[in-house]
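Contents: one structure, followed by commentary.
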Amino acid sequence: MAGSRSTPCIQQDELKTIQLEAASFTLFTPGQRKSSAYPLIKQVRMGIRDQNLLRDFTIVDCPGKSDINTIHANAYHKQLEDCNELWIVDRTDRIETHGPVAGFTRQFGSSSKNIVVIGTRADDDIGNGDALLERLQLLNVDVSYIHELRHKKQELESARARANDELEKAKKHEKRLAKKRKRTYSSREDDDRLTRAESSLLRAKANIENAESECLTALVEARSMHITRRLRERFQGNLSLGKKLEIFFVSNTHYESNASANGSGAFLSVEEMKIPALRQYVHSRVAPKILEGLETYISTQYVPFIHGIVIFVDPVKLQGSRQAVELVKTKQQHLPQNCDAYIEDLVSRTQSVLAEPLHAARPSHIAHALQVLEGKKKWHSGTIKVWVQSNSYNWTKKVPPESWNELFASQSTKMVNELWQKFVQEEMTATDDLFGVLVDTIQAVARELKESTLGQVVQFDRFSKFVEGQISGLKARRIRFKRKMSEALDTVHWQVNTDSPKGYFRKGLLDTYERCKQISGTGVKMRIVTTLENSLSLQNEGSPFSIMAAEICKEIREGAQEQTEKLMVTARRIFDNMKTELETMLEERQEDQQQAALRMKLQRWLAVGEKKFKYCRDTLEDIRQSYANIKQDAAGEEHVAVADAV
Numbered sequence: 001m002a003g004s005r006s007t008p009c010i011q012q013d014e015l016k017t018i019q020l021e022a023a024s025f026t027l028f029t030p031g032q033r034k035s036s037a038y039p040l041i042k043q044v045r046m047g048i049r050d051q052n053l054l055r056d057f058t059i060v061d062c063p064g065k066s067d068i069n070t071i072h073a074n075a076y077h078k079q080l081e082d083c084n085e086l087w088i089v090d091r092t093d094r095i096e097t098h099g100p101v102a103g104f105t106r107q108f109g110s111s112s113k114n115i116v117v118i119g120t121r122a123d124d125d126i127g128n129g130d131a132l133l134e135r136l137q138l139l140n141v142d143v144s145y146i147h148e149l150r151h152k153k154q155e156l157e158s159a160r161a162r163a164n165d166e167l168e169k170a171k172k173h174e175k176r177l178a179k180k181r182k183r184t185y186s187s188r189e190d191d192d193r194l195t196r197a198e199s200s201l202l203r204a205k206a207n208i209e210n211a212e213s214e215c216l217t218a219l220v221e222a223r224s225m226h227i228t229r230r231l232r233e234r235f236q237g238n239l240s241l242g243k244k245l246e247i248f249f250v251s252n253t254h255y256e257s258n259a260s261a262n263g264s265g266a267f268l269s270v271e272e273m274k275i276p277a278l279r280q281y282v283h284s285r286v287a288p289k290i291l292e293g294l295e296t297y298i299s300t301q302y303v304p305f306i307h308g309i310v311i312f313v314d315p316v317k318l319q320g321s322r323q324a325v326e327l328v329k330t331k332q333q334h335l336p337q338n339c340d341a342y343i344e345d346l347v348s349r350t351q352s353v354l355a356e357p358l359h360a361a362r363p364s365h366i367a368h369a370l371q372v373l374e375g376k377k378k379w380h381s382g383t384i385k386v387w388v389q390s391n392s393y394n395w396t397k398k399v400p401p402e403s404w405n406e407l408f409a410s411q412s413t414k415m416v417n418e419l420w421q422k423f424v425q426e427e428m429t430a431t432d433d434l435f436g437v438l439v440d441t442i443q444a445v446a447r448e449l450k451e452s453t454l455g456q457v458v459q460f461d462r463f464s465k466f467v468e469g470q471i472s473g474l475k476a477r478r479i480r481f482k483r484k485m486s487e488a489l490d491t492v493h494w495q496v497n498t499d500s501p502k503g504y505f506r507k508g509l510l511d512t513y514e515r516c517k518q519i520s521g522t523g524v525k526m527r528i529v530t531t532l533e534n535s536l537s538l539q540n541e542g543s544p545f546s547i548m549a550a551e552i553c554k555e556i557r558e559g560a561q562e563q564t565e566k567l568m569v570t571a572r573r574i575f576d577n578m579k580t581e582l583e584t585m586l587e588e589r590q591e592d593q594q595q596a597a598l599r600m601k602l603q604r605w606l607a608v609g610e611k612k613f614k615y616c617r618d619t620l621e622d623i624r625q626s627y628a629n630i631k632q633d634a635a636g637e638e639h640v641a642v643a644d645a646v
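Heads up: the sequence shown is residues 1 to 646, going by full-length UniProt numbering.
Structure below.
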């Protein structure tokens with residue numbers, strides 16, 4: 001998760017150093033029940049210098065039932081809004097029953113955020129395995145392989161008992177010889193017998209340890225696979241089409257070994273701890289983005305730079321016609337119109353796909369909210385005031401944690417979630433269309449130059465390569481634009497589904513809760529309920545349901561405007577570069593000794609630099625192709641695994 005600048009920052013050169021510094025935030029000693037900084041520090045940002053794959057991340061402790069710290073809760077919501085990857089970490093033995101997996105998959109399942117579930121202490125609380133094995137059998141998990149391993153272990157224990165008996169016999173035989181002849185050394189045959197017995201016992205013990213480790217590994221794998229299957233069955237429906245819930249189970253023995261803890265008994269190997277698999281997954285998520293960043297930089301910065309040097313080294317010394325530059329200026333004037341049309345289309349689509357269905361269904365949504373409120377009339381007045389004082393979210397000993405706002409708006413959020421995928425897909429299509437128009441506009445400049453008499457003046461092949469470099473950069477910019485738009489839409493989706501401080505439905509009822517807080521005296525419960533009923537029953541623009549729909553449209557429009565403004569800067573720069581290159585090619589130059597010397601140096605550099613640049617681009621292309629091959633191989637392996645399971 002991406003951390004904010006206000007969070008405590010730990011950054012060191014070595015992994016061991018960072019582990020030691022982070023220990024006070026994440027570990028506790030036997031003398032204390034919580035970490036030393038627990039009451040004050042709820043989120044920690046950590047990073048390793050010069051580490052490009054995972055530059056920094058933030059540990060955020062989710063607010064618990066007894067947590068009434070508003071600052072903590074607000075910081076928690078802010079981190080969830082800003083993060084690109086959401087990793088839910090919990091103990092393996094409670095990851096099924098604990099709330100975060102269900103809550104986060106429901107809230108973020110249809111967003112572009114990648115969700116990963118990590119179960120820790122995968123090999124804890126197993127003991128001799130009898131209880132876990134019995135529980136897995138009751139859950140209809142195939143454990144026949146584990147029974148075979150345990151039977152093998154029993155046979156090895158019998159072999160160890162026989163080896164131990166043989167060793168005892170060899171020792172007794174040696175003692176009898178010593179008593180019979182006090183100064184007589186045992187024979188070589190007697191020594192060999194004792195050595196063989198000791199070696200046999202050591203081998204038997206080693207075999208048993210291996211068998212115990214195999215049994216432990218099989219139990220851990222069986223439990224992990226069962227929990228994985230259950231989690232995907234329960235929560236895969238919360239995810240958008242094509243999205244997969246990634247689940248890992250890891251052993252904490254890895255960290256205990258780092259702390260020099262002496263362990264005994266069965267243990268998992270390094271691979272079976274799943275730490276390497278988790279590390280590999282992190283690399284597979286981050287490395288392609290680094291490659292994408294390199295390709296974007298090369299396309300937007302380096303390619304135009306190379307073409308600019310080529311034009312500077314070998315300029316066209318002609319009386320320049322300004323018609324070419326004027327043509328570029330004319331095309332550039334159409335850019336704002338294209339972006340404005342994109343925004344208008346987005347606003348219209350938001351209204352038709354999201355806002356209008358919400359307005360049409362408002363009566364039924366109001367009826368549902370009033371029905372929810374009707375159930376609260378049975379509550380004690382003091383309990384109702386507790387919820388009002390906290391703006392709809394609270395809990396008591398008898399009532400579990402719940403948010404009234406989320407319950408009131410549940411029908412509206414359900415409708416938005418059902419329509420959301422369609423809206424996002426249409427938005428991504430509109431984004432592609434916008435960039436298609438921009439690319440066509442740039443290509444039109446080169447096409448019209450070629451078709452006009454200016455095509456004979458301008459060295460068109462050279463200018464065409466320059467234009468291709470600009471288009472390549474714009475296509476790379478499209479990837480970033482779509483990612484930023486996805487993040488903006490994710491934020492909107494998050495505020496729709498969550499009763500956060502910036503939640504859209506909460507905004508519609510915030511003034512109502514403030515009025516309810518001022519109510520006191522006789523009949524306080526019914527007066528509070530009546531105030532809430534009046535607000536929920538509104539049919540005009542002041543209705544919390546109308547405010548929610550308006551906020552959705554407003555936030556989507558503002559997010560798109562912010563991104564299109566940045567896109568306009570890029571597009572204007574491309575056209576400015578085109579004008580500059582045309583002016584460079586067409587202007588009549590005066591002889592300048594310094595410029596002539598610089599051209600000579602750059603010409604010598606191009607002889608080597610262009611070859612190196614081509615080699616770099618070919619290497620990046622090979623890496624990109626290797627990623628594609630890895631994905632295909634991984635998909636094939638997954639299909640084979642699924643086929644085997646079936």
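Glycine included, C-beta positions come from ideal geometry on N, C-alpha and C.
The structure presented is a predicted model; accordingly, all values stated were derived computationally and were not measured.
Cβ separation of residue i and residue j, assumed to be a contact under 8 Å, to the nearest whole Å
i      : j      : result
Ile556 : Thr350 : 5 Å
Tyr513 : Val399 : Their Cβ separation, rounded to whole angstroms, is 18 Å, which puts Tyr513 and Val399 out of contact at 8 Å.
Leu335 : Leu268 : Not quite, the Cβ-Cβ distance comes to about 59 Å (not below 8 Å), so this is no contact.
Phe481 : Leu567 : 6 Å
Ile146 : Ile118 : Actually they do not touch by this definition, with Cβ atoms about 24 Å apart.
Gln411 : Ser348 : That belief does not hold up - the Cβ atoms of Gln411 and Ser348 are roughly 25 Å apart, past 8 Å.
Asp123 : Thr253 : 7 Å
Thr530 : Arg515 : With 8 Å as the limit, Thr530 and Arg515 do not qualify as a contact, their Cβ atoms being about 11 Å apart.
Of the listed residues the options, nearest to residue i (C-alpha basis)
i      : options                        : result
Gln154 : Ile208, Tyr145, Ile275, Asp130 : Ile208
Val325 : Gln594, Phe575, Gly609, Lys422 : Phe575
Leu373 : Val89, Glu426, Leu407          : Leu407
Thr441 : Asp142, Ala476, Arg572         : Arg572
Gln595 : Val313, Ala367, Lys554         : Val313
Gly473 : His493, Thr531, Ile298, Thr431 : Ile298
Cys83  : Ile343, Glu565, Ser486         : Ser486
Lys612 : Phe423, Thr522, Ser403, Ile306 : Ile306
His226 : Glu96, Ser199, Ser213, Ala159  : Glu96
Residues of its chain near residue i, where Cβ-Cβ distance is below 6 Å and the 5 sequence neighbours each way are ignored
i      : result
Ile309 : Leu602
Arg362 : Phe545
Ser502 : Before going on, a small fix: residue 502 reads as Lys here, not Ser. Around Lys502: Gln495.
Gly559 : Ala488
Lys385 : none
Asn258 : Only weak support is given to the placement of Asn258: the predicted model assigns it a pLDDT of 47, under 50, and the value that follows is read from those uncertain coordinates. Cβ within range, chain order: n/a, list empty.
Bounding residues of the beta strand (DSSP E) (the contiguous stretch that carries residue i)
i      : result
Ile298 : Premise fails: Ile298 is in no beta strand (DSSP E) and is neither H nor E.
Glu134 : It is not in any beta strand (DSSP E) - Glu134 instead sits in the alpha helix (DSSP H) that spans 130-138.
Arg91  : 85-91
Glu246 : 246-249
Start-to-end residues for the alpha helix (DSSP H) that takes in residue i
i      : result
Asn114 : No alpha helix (DSSP H) contains Asn114, which is instead part of the beta strand (DSSP E) from 114-120.
Asp511 : 504-517
Lys398 : First-last for Lys398: undefined, no H or E at that position.
Gln337 : 335-350
Gln443 : 410-451
Arg527 : 524-536
Gly521 : That residue, Gly521, is in no alpha helix (DSSP H); it is neither H nor E in DSSP.
Ala360 : 356-360
Distance, residue j Cα to residue i Cα
i           : j      : result
Gly320      : Val467 : Because the pLDDT at Gly320 is just 46, under 50, the model does not fix this residue reliably, and the value given afterwards should be weighed accordingly. Each residue's Cα considered, the two are about 19 Å apart.
Val445      : Gln332 : 10 Å
Thr195      : Leu149 : 30 Å
Arg135      : Asp490 : 40 Å
residue 683 : Arg223 : The structure shown has nothing for residue 683, since the chain only spans 1 to 646.
His380      : Arg478 : 56 Å
Asn534      : Leu346 : 34 Å
Tyr302      : Ile275 : 39 Å
Ser251      : Lys205 : 24 Å
Glu166      : Arg203 : 13 Å
Ala550      : Leu354 : 10 Å
Leu538      : Gln470 : 53 Å
Asp142      : Arg94  : 22 Å
Gln561      : Asn405 : 29 Å
Ala161      : Lys289 : 58 Å
8 Å Cβ shell around residue i - same chain, five flanking residues per side excluded
i      : result
Leu291 : Leu620, Ile623, Arg624, Tyr627
Ala211 : Leu149, Lys152, Lys153, Leu156
Contact set for residue i: own chain, Cβ-Cβ below 7 Å, skip 5 residues either direction
i      : result
Phe235 : Val101, Ala102, Thr105, Leu245
Chain C within 9 Å of residue i, Cβ atoms only
i      : result
Cys339 : Annotation note: the requested chain C is absent from the structure, which comprises a single protein chain.
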